Ligand SMILES: [Zn+2]
């Protein structure tokens with residue numbers, strides 16, 4: 006009997022395509038697992054930073070230095086050259102505002118002093134603008150909320166009162182954005198104004214604030230109220246001597262002599278017909294005629 010030719014069984018004919026399908030399935034499954042793991046990593050990172058996930062996904066259009074995590078303080082370095090954005094004024098006074106002036110307090114908030122400053126302003130029904138550091142605000146967010154609740158304005162004064170003229174763009178951006186984040190969380194309002202510590206501006210500071218749509222606010226009246234042996238009367242006399250229509254007065258928090266000077270200053274200026282407004286109140290009279298900064 007001749008040998009019966011071996012006919013491939015249906016099972017063996019199906020084996021090769023089945024194996025191919027199996028390999029493709031495996032590749033597909035591996036891809037799903039990798040995608041899920043990446044998503045989980047971003048999710049946990051977002052939770053750690055308290056940020057939306059999208060904020061942590063690197064943007065291909067940005068340079069690598071701009072993608073540095075916000076809670077890492079970049080190393081200090083020479084500020085890179087940057088051109089001054091056109092049309093951005095550094096505010097120091099608004100002459101068009103007439104007999105209106107803005108009192109500003111830098112370096113707060115302080116648990117010891119801010120409530121006392123607020124008390125004087127409340128008693129005299131005078132609004133002011135507080136330039137706060139992120140580090141101080143982070144410790145006492147309730148006081149930040151109180152400042153805003155009492156009708157005063159809040160501005161950004163960097164995270165840890167750093168001289169920005171010595172920092173590179175990433176570091177400047179971090180100082181300003183981390184502080185705005187803390188302040189916005191405390192008062193549920195966008196922070197529009199920025200004052201560099203020591204008035205130390207740079208092309209980088211101007212570039213970064215312009216990008217963040219923030220106004221740099223300087224001053225044109227500085228009584229040097231922080232000086233150790235300064236008396237309240239000297240502070241008031243110095244302010245009155247320098248005062249002009251639409252002036253921005255620079256004062257500091259945490260100074261007993263400034264606190265003593267405050268009710269005297271308010272009283273004497275009101276008697277001379279001056280009115281007090283916030284920085285936004287002054288800007289209502291700007292009409293493109295803002296003074297230039299004298300950093
Ligand atoms: Zn300061």
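In our numbering, the protein residues as written are 6 to 300. Note that beta-carbon positions come from the ideal geometry of N, C-alpha and C, so glycine has one too. Remember, predicted model here, so these are calculated numbers, not experimental data.
Closer than 6 Å: residue i CB and nearest ligand 1 heavy atom
{"i": "residue 111", "result": "yes"}
{"i": "residue 268", "result": "no"}
{"i": "residue 202", "result": "yes"}
Continuous alpha helix (DSSP H) stretch holding residue i: start and end
{"i": "residue 209", "result": "208-216"}
{"i": "residue 179", "result": "174-192"}
{"i": "residue 265", "result": "261-276"}
{"i": "residue 304", "result": "Past the boundaries of the shown model lies residue 304; the chain is included only from 6 to 300, so the question cannot be answered."}
{"i": "residue 286", "result": "284-288"}
{"i": "residue 238", "result": "237-247"}
{"i": "residue 126", "result": "119-129"}
Environment of residue i [buried if 16+ CB atoms lie within 10 Å]
{"i": "residue 89", "result": "Residue placement at residue 89 is poorly supported in this model, since its pLDDT is 32, which falls under 50; the coordinates still yield a value, given next. It is exposed - the Cβ of residue 89 has fewer than 16 other Cβ atoms within 10 Å."}
{"i": "residue 42", "result": "For residue 42, the pLDDT reaches just 39, beneath the cut-off of 50, and the residue's location in the model is therefore unreliable, although a value from the coordinates is still provided. The residue is exposed, with fewer than 16 neighbouring Cβ atoms inside 10 Å."}
{"i": "residue 209", "result": "buried"}
{"i": "residue 154", "result": "exposed"}
{"i": "residue 261", "result": "exposed"}
{"i": "residue 82", "result": "For residue 82, the predicted model reports a pLDDT of 29, less than 50, meaning its position is unreliable; a value from the coordinates is still stated below. That one is exposed."}
{"i": "residue 278", "result": "exposed"}
{"i": "residue 224", "result": "buried"}
{"i": "residue 255", "result": "buried"}
{"i": "residue 258", "result": "buried"}
{"i": "residue 174", "result": "buried"}
{"i": "residue 236", "result": "exposed"}
Residue i: first and last residue of the uninterrupted beta strand (DSSP E) it sits in
{"i": "residue 107", "result": "105-113"}
{"i": "residue 158", "result": "158-161"}
{"i": "residue 257", "result": "253-257"}
{"i": "residue 138", "result": "No beta strand (DSSP E) holds residue 138; DSSP gives it neither H nor E."}
Inset, instruction - Say whether the stretch 231-251 touches the stretch 216-223, bearing in mind that this needs 3 or more beta-carbon pairs closer than 8 Å, one atom from each stretch. - result: no
Inset, instruction - Give a yes or no on contact between the stretch 200-209 and the stretch 161-177, applying the rule of three or more CB pairs nearer than 8 Å. - result: yes
Inset, instruction - Could you tell me whether the stretch 237-244 touches the stretch 96-103, using the rule of 3 or more Cβ pairs below 8 Å? - result: no
Legend entry - Inter-stretch contact (C-beta, 8 Å, three-pair minimum) for the stretch 136-150 and the stretch 285-292: no
Inset, instruction - Spell out a yes or no on whether the stretch 140-152 and the stretch 111-125 are touching, meaning 3 or more CB-CB pairs, one atom from each, closer than 8 Å. - result: yes
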